[in-house]
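Numbering (this note's numbering), first residue to last: 83 to 175.
#1: Put residue 116 into one of helix, strand or coil per three-state DSSP.
#2: Taking the alpha carbon of residue 129 as the reference point, which residue from 103, 113, 138 and 163 has its own alpha carbon closest?
#3: In the structure shown, what three-state DSSP assignment does residue 150 receive?
#4: Where do the N-terminal and C-terminal ends of the beta strand (DSSP E) with residue 175 fall, by residue?
#5: Report the three-state DSSP secondary structure of residue 130 (helix, strand or coil).
#6: Could you check how far apart the C-beta atoms of residue 165 and residue 140 are, in whole angstroms? I think they sit under 8 Å.
Here is the structure:
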């Protein structure tokens, strides 16, 4: 079993308040959960209204499938927001 983990830090330029940021994050997280069947959570930058960091996690039978799921999700995010930083890790269990 392989667990894929990805942290994505991105800008939300149109956000003028934390409420705006939460709306963007909620929509993005819901769409990712439905489309890719992965776990998504905000993991840092909670108090910054124009920057967010989310964590993605996926469990798969092999590394190729886990990596493919994370890359697909990352491509999706890159079409929605401006990505500032990405880190990805695959853990074999």
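Each residue gets a CB set at the ideal place from its N, CA and C atoms; glycine is no exception. Treat the numbers as computed from the prediction; the structure is a model and nothing was measured.
In short, the structure shows the following:
#1: Counted from its first residue, the chain shown places residue 116 at position 34. It is helical.
#2: As a first step, residue 129 must be located in the chain shown, where it is residue number 47. Nearest of 103, 113, 138 and 163 to residue 129, Cα basis: 103.
#3: Here residue 150 corresponds to residue number 68 of the chain shown, with the count starting at 1. Reduced to three states, the DSSP call for residue 150 is helix.
#4: Taking the chain shown and counting its residues from 1, one reaches residue 175 at position 93. Segment: none, residue 175 is in no beta strand (DSSP E) and carries neither H nor E.
#5: As a first step, residue 130 must be located in the chain shown, where it is residue number 48. The answer is coil: DSSP assigns residue 130 none of H, G, I, E or B.
#6: Position 83 of the chain shown holds residue 165. Position 58 of the chain shown holds residue 140. Residue 140 and residue 165 do not touch by the CB rule: their CB atoms are close to 18 Å apart, not below 8 Å.
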